[in-house]
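Colleague: Numbering (this note's numbering), first residue to last: 49 to 781.
Think of the CB as a built atom: it goes at the ideal place given N, C-alpha and C, for glycine as much as any other residue.
Small disclaimer: the values here were computed from a predicted structure and weren't measured.
Below is a structure I'd like to ask you about.
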């Protein structure tokens, strides 16, 4: 396809820009590697200083080596001893240098000097900024109780300090990016197995990947391990996705499933495995609860019925079920990260988890693995009690199985806009950009406008920062001292990483820990931040006396641990203490104890379903403005099937307007047979409203402005595939 040719050209220009001569990469155009370890040694100049670090361009925290020359980072290489990323560094990782030296970076504290969103700012000194933050927080706490302040943080090694501050400040209202991302998936597996698993894809013989796009939306080590399993070990990959992604292109089979019917397919697979007795009866009797109830429940969900729902022939459904069962326990329905899809996403993901249980793949090679202990010690604290607080979060009770420490951003936003059950008038945001990632951007803007005082700590003037009262500049991960973090990942490792600054912090940037420590002191909460990061690390490593030496020597610490059989003789964290095919807790709460299929709403005439997906260059809405990554993909386009485009009179590359019930946007059409005729797709993160993001300001369309804001009924996770749009050719004026 033309997309592949364009990607290869961009890939060459990327390596030219970064000065890389060789790279480990996946076929199909997806960049997956920096220099191989041998090449690193070959090009390293003697005068370079080398410093270990852990990448922060996405959530994977891959190990790297920063090459520093005369106080400036000139190159980033993969850490060959970091097994989670298999000694590789992707395009985003290489682009960390461009983030560090980006002229768009925030340089000093900025106070809003005009109307919110007008773009007028006043530079102020740090002491004034911190004093103002403490003063405004105290005013809001006094007027509205501590719960009148909302705290939102992204995935980061210092985000735990935001939650800590919120708790000692007295606010229950904390939201994470995960409630816009993977909470429904986590909820489903937690409520089936008692914990969220890791996929041992490198040892799998058969992987069914539903919606996930692992060769573009990179997760280490799964992206690399899946390729290794396919090329070197003969693993079969079957992909169900309405888009012909890079993963679909490299798979053995691609089925363009009708969006919203994943559960229908999975229930039919379960039906086949049970009715044909393709499961390990002894293992199921020992390890699972509710097989008889499940057998009765799925008898109605036949392959013929599912074929009519999802558009995949019944013979293929039966064949795939039999093939997975034959490969079991070294087979799986891949459980990995995917945005929440629909209002029944937890139950959709429950059907995936139950099918995995029928493959008897839990805690076994090639299946789903339990988390292993990395040995880091927690640093407990006893927060104060506030008698004047309301009884719970503002979104409490709106989703029965919400994670309290994650919340639901969408439901919290609704509560803020309604002012019920109580007012929420302050907002502290760190390293997350809900203006670009949360559905229905108009509502997020309205939420920001209702705040008495909002503070954003970030590295750039994001759209969320642009709507704030006070913006505080944060350092990049290459300039920052972080606490230790434990990482999991397939059979690769249970390891620990830290970050030390490899260069001095630029401009007036300060880490969020220093900001919170200062503000806590001004609010008489200093005792809860009475430590340095170094002291915090020492407490974390109290039971790992060899960790710091290993980190200094190798940039990573591995805690030797058993990989398989962790649950031998161990009870699951469920009511039955087994893998729950029939969930007793759900039944007690009046929820469906087994997934019940509801057909998705039909696409209205002359409209399309808008779907969300990721690629290898961008992390949600955070890296589109990066100079090197922007060169690879300077704008987003609308994927549209040629047959649908012909009916609308739209040619490839023409400007179109996309409109939904909540917003509109303009971008170019990209005609491709790699998408269903009833479906359209665009990348996240473009169409920024902030002029501070100079490369993507008003470039392309914002998907957050188009997506409606429904949520998963059980977890409160944003449901991002429920939006219908019209597509209209723009006529030149």
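(1) Considering only residues of the same chain and omitting the five flanking positions on each side of residue 256, which have a CB-CB separation below 6 Å?
(2) Taking the alpha-carbon positions, what's the residue 313 to residue 351 distance?
(3) Quick check on the burial criterion: 16 or more other C-beta atoms within 10 angstroms. Buried or exposed for residue 37?
(4) Which residue comes first and which comes last in the alpha helix (DSSP H) that contains residue 720?
(5) What residue range does the alpha helix (DSSP H) around residue 642 cover?
(6) State the CB to CB distance for the pair residue 684 and residue 748, rounded to an integer number of angstroms; the pair is presumed to be in contact (CB under 8 Å).
(7) Using a Cβ-Cβ cutoff of less than 7 Å, which residues in the same chain neighbour residue 372 once the five nearest sequence positions on both sides are dropped?
(8) Do you know how far the Cα of residue 756 is from the Cα of residue 771?
(9) Taking buried to mean at least 16 other C-beta atoms within 10 Å of its own C-beta, is residue 141 buried or exposed?
(10) Rounding to the nearest angstrom, what Cα-Cα distance links residue 244 and residue 290 in this structure?
(11) By Cβ distance below 7 Å, which residues in the same chain neighbour residue 651 in space, the five residues on each side in sequence not counted?
(12) Any contact of the stretch 408 to 421 with the stretch 441 to 449, i.e. 3+ C-beta pairs under 8 Å?
(13) Return the first residue and the last residue of the beta strand (DSSP E) that residue 656 is part of.
(14) Give me the Cα-Cα distance between residue 473 and residue 184, rounded to the nearest whole angstrom.
(15) Give the secondary structure of residue 12 by DSSP, where H, G and I count as helix, E and B as strand, and everything else as coil.
(16) From residue 318 to residue 659, what distance separates their C-alpha atoms?
(17) Going by DSSP, what residues sit across from residue 120 in a beta bridge?
(18) By DSSP, does residue 291 sit in helix, in strand, or in coil?
(19) Whose C-beta lies closer than 6 Å to the C-beta of residue 306 among residues of the same chain, with five residues either side of it excluded?
(20) How should residue 653 be labelled, buried or exposed, when 16 other C-beta atoms within 10 angstroms of its C-beta is the threshold for buried?
(21) Looking at the structure shown, is residue 687 part of a helix, part of a strand, or coil, going by DSSP?
(22) Provide the residue span of the alpha helix (DSSP H) that contains residue 96, from first to last.
(23) How many Å lie between residue 272 and residue 279 at the Cα?
(24) When DSSP labels each residue in this structure, what does residue 543 get in the three-state scheme?
(25) Rank 532, 147, 167 and 180 by C-alpha distance to the C-alpha of residue 590 and give the top, closest one.
(26) Buried or exposed, going by whether 16 or more other CB atoms sit within 10 Å of the CB of residue 136?
(27) May I have the straight-line CA-CA distance separating residue 138 from residue 680, to the nearest angstrom?
(28) Alpha helix (DSSP H) containing residue 346: first to last residue?
(29) Going along the chain, which residues of its own chain have a beta-carbon closer than 8 Å to the beta-carbon of residue 500, five neighbours each way excluded?
(30) CB-CB under 7 Å to residue 776, same chain, minus the five flanking residues each way: which ones, in chain order?
(31) Who are the Cβ neighbours of residue 438 in its own chain at under 6 Å, not counting the five residues just before and after it?
(32) Alpha carbon to alpha carbon, how far is residue 178 from residue 192? Give it in angstroms, no decimals.
(33) CB residue 479 to CB residue 740, shorter than 8 Å?
(34) When you compare the CB positions of residue 152 and residue 516, do they come within less than 8 Å of one another, or not?
(35) Taking the beta carbon of residue 49 as the centre, do at least 16 other beta carbons fall within 10 Å, making it buried, or is it exposed?
(36) Taking 7 Å as the cut-off, is the CB of residue 598 close to at least one heavy atom of the ligand GTP?
Modeller: So, to answer that:
(1) Counting only residues of its own chain and dropping the five nearest sequence neighbours on each side, residue 256 has a CB closer than 6 Å to the CB of 286 and 381.
(2) For residue 313 and residue 351, the distance between alpha carbons rounds to 8 Å.
(3) A query on residue 37 cannot be resolved here, the shown segment of the chain reaching from 49 to 781 and no further.
(4) For residue 720, there is no enclosing alpha helix (DSSP H), as DSSP marks it with neither H nor E.
(5) First-last for residue 642: undefined, no H or E at that position.
(6) At roughly 4 Å, the Cβ-Cβ gap stays under 8 Å, so residue 684 and residue 748 are in contact.
(7) If the five residues before and after residue 372 are omitted, its C-beta is found closer than 7 Å to the C-beta atoms of 254, 256, 379 and 407, all from its own chain and listed in chain order.
(8) Going by C-alpha positions, residue 771 is about 6 Å away from residue 756.
(9) The residue is buried, with at least 16 neighbouring Cβ atoms inside 10 Å.
(10) For residue 244 and residue 290, the gap between their C-alpha atoms comes out near 26 Å.
(11) Within the same chain, Cβ atoms closer than 7 Å to the Cβ of residue 651 are found at 657, 726 and 772, the five residues on either side in sequence being excluded.
(12) Contact fails: fewer than three Cβ-Cβ distances are below 8 Å.
(13) Segment 656 to 659, the beta strand (DSSP E) holding residue 656.
(14) One alpha carbon belongs to residue 473, the other to residue 184, and they sit about 10 Å apart.
(15) Coverage of the chain is limited to positions 49 through 781, which leaves residue 12 absent and any answer about it impossible.
(16) When rounded, the distance between both Cα atoms is 26 Å.
(17) Partner residues in the beta bridge of residue 120, as assigned by DSSP, are 117.
(18) Reduced to three states, the DSSP call for residue 291 is strand.
(19) Here the set comprises 358 and 359.
(20) Label assigned to residue 653: exposed.
(21) Note: residue 687 maps to strand in three-state DSSP.
(22) Following the DSSP letters along the chain, one finds residue 96 in no alpha helix (DSSP H), marked with neither H nor E.
(23) For residue 272 and residue 279, the distance between alpha carbons rounds to 11 Å.
(24) Per DSSP, reduced to three states, the secondary structure at residue 543 is strand.
(25) Selected option, being the one with the closest Cα: 532.
(26) With 16 or more other Cβ atoms within 10 Å, it is buried.
(27) Going from the Cα of residue 138 to the Cα of residue 680 covers about 13 Å.
(28) Following the DSSP letters along the chain, one finds residue 346 inside the alpha helix (DSSP H) bounded by residues 339 to 346.
(29) Same-chain partners within the cutoff: 184, 187, 188, 473 and 474.
(30) Only residues of its own chain outside the window of five on either side were considered, and among them 704 and 705 have a CB closer than 7 Å to the CB of residue 776, listed in chain order.
(31) Residues 195 and 470 of the same chain have their beta carbon placed closer than 6 Å to that of residue 438, with the five preceding and five following residues left out of the count.
(32) For residue 192 and residue 178, the gap between their C-alpha atoms comes out near 21 Å.
(33) No, they are not a contact pair.
(34) No. Outside cutoff.
(35) A caution first: residue 49 carries a pLDDT of 35, below 50, which makes its placement in the model unreliable, though a value can still be read off. Under this definition residue 49 is an exposed residue.
(36) The ligand GTP is not part of this structure, which contains no ligands at all.
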